[in-house]
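Reading the sequence shown from the start, the letters are residues 2 to 222 in our numbering.
These notes concern the structure reproduced below.
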Amino acid sequence: MNKSKEKNKPIGEMLERNLIGVLEIFYPNAIWETQKRFAYDPENKRKFYKVDVISDEQRVVWEYDGPNHFNDTWKFQRDLDRDIYFDNLGYKVKRWPYFCQLTRDVAKHYFGKDYSEEKYLSAINYIYGVELENKILAPGWHQTKFTPGSWIEKGVDRLIEELDKMPESFKHQLVFALLTYIEKVGDPFLIIGSHIKLQELIKIKINKDYTNYKYPNLDVK
2 MNKSKEKNKP IGEMLERNLI GVLEIFYPNA IWETQKRFAY DPENKRKFYK VDVISDEQRV
62 VWEYDGPNHF NDTWKFQRDL DRDIYFDNLG YKVKRWPYFC QLTRDVAKHY FGKDYSEEKY
122 LSAINYIYGV ELENKILAPG WHQTKFTPGS WIEKGVDRLI EELDKMPESF KHQLVFALLT
182 YIEKVGDPFL IIGSHIKLQE LIKIKINKDY TNYKYPNLDV K
């Protein structure tokens, strides 16, 4: 096992600290670096972008997007500027949002031709410590206070746009997570705020075949 995997112990959910371990599983022959800096202002070396994970060989940057990427206007704009910067350098930027978990459909979406069942099972064992997909934490929001209700409007817009690119199962899993969280707290405003697009989103008819995962809020009465 690589040193980064030994250092970054699995913690039961997909977080920034184990993103590199997952990438090493799906791309075992690539060289990955973390926290590499890029000075984007030639006249001021103190201005830089620091990436979460990067492969110069593959020309790809992976970013783990926590809540502030959706609820902070300045951070949101900085992300847009970063994407343009790295695109001009010939890098593809891939973003892993904090509410995303490694379902089989998500893994196939992100890793494409590099996906294999062997790699997938190795990855969920690394992250979640399980052998079966239905034992992993479901995508969505479960116990955090950083729900979409706290996001800026553009953060919500970004979610809706991304859902059109993600597997259909992912949308159903997120909506199911929102509904179970709303049921738990009893106040929709705390979970989805006043966002009209989220109010429309949770009206979709859930396909229960997509929701066979761990939803902590289902265990809280």
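No residue lacks a Cβ here, since even glycine has one placed at the ideal position from N, Cα and C.
By Cβ distance, which residues of its chain are closer than 6 Å to residue i, with the 5 residues on each side in sequence left out?
| i | result |
| --- | --- |
| W152 | F71, N72 |
| K95 | W63 |
| E34 | I55 |
| Q59 | A31 |
| H196 | V157 |
| N218 | H143, T181, Y182, K185 |
| K198 | V157, I161 |
| Q36 | K51 |
Taking buried to mean at least 16 other C-beta atoms within 10 Å of its own C-beta, is residue i buried or exposed?
| i | result |
| --- | --- |
| Q174 | buried |
| V186 | exposed |
| G150 | buried |
| Y45 | It is worth fixing the name first, because residue 45 is Asn in this sequence and not Tyr. Its Cβ having fewer than 16 others within 10 Å, N45 is exposed. |
| Q208 | A small fix is needed here, since residue 208 is Asn in this sequence, not Gln. Answer is exposed; the Cβ neighbour count stays below 16. |
| M66 | Per the sequence shown, the amino acid found at residue 66 is Asp instead of Met. Result: buried. |
| K172 | buried |
| T145 | exposed |
| G141 | buried |
What residues in its chain sit with their C-beta under 8 Å from that of residue i, if we drop five residues either side in the sequence?
| i | result |
| --- | --- |
| K76 | N69, H70 |
| Y86 | F39, Y41, Y50 |
Take residue i and list the residues in its own chain whose beta-carbon comes closer than 7 Å to its own, dropping the five residues that flank it on each side.
| i | result |
| --- | --- |
| N213 | N135 |
| P189 | I183 |
| K109 | Y116 |
Please indicate yes or no: does the CB of residue i lie closer than 8 Å to some heavy atom of the ligand PLP?
| i | result |
| --- | --- |
| R105 | The ligand PLP is not among the ligands present in this structure, which contains no ligands whatsoever. |
May I ask you to report which of helix, strand or coil DSSP gives residue i?
| i | result |
| --- | --- |
| L122 | helix |
| F147 | coil |
| Y50 | strand |
| K198 | helix |
| P75 | First, the amino acid is wrong: residue 75 is Trp here, not Pro. Three-state result, W75: helix. |
The stretch 26 to 36 / the stretch 112 to 126 touching (three or more Cβ pairs under 8 Å): Taking 8 Å as the limit for Cβ pairs, the verdict is that the stretch 112 to 126 does touch the stretch 26 to 36.
Three or more C-beta pairs below 8 Å linking the stretch 125 to 141 and the stretch 91 to 109: A contact exists between the stretch 125 to 141 and the stretch 91 to 109.
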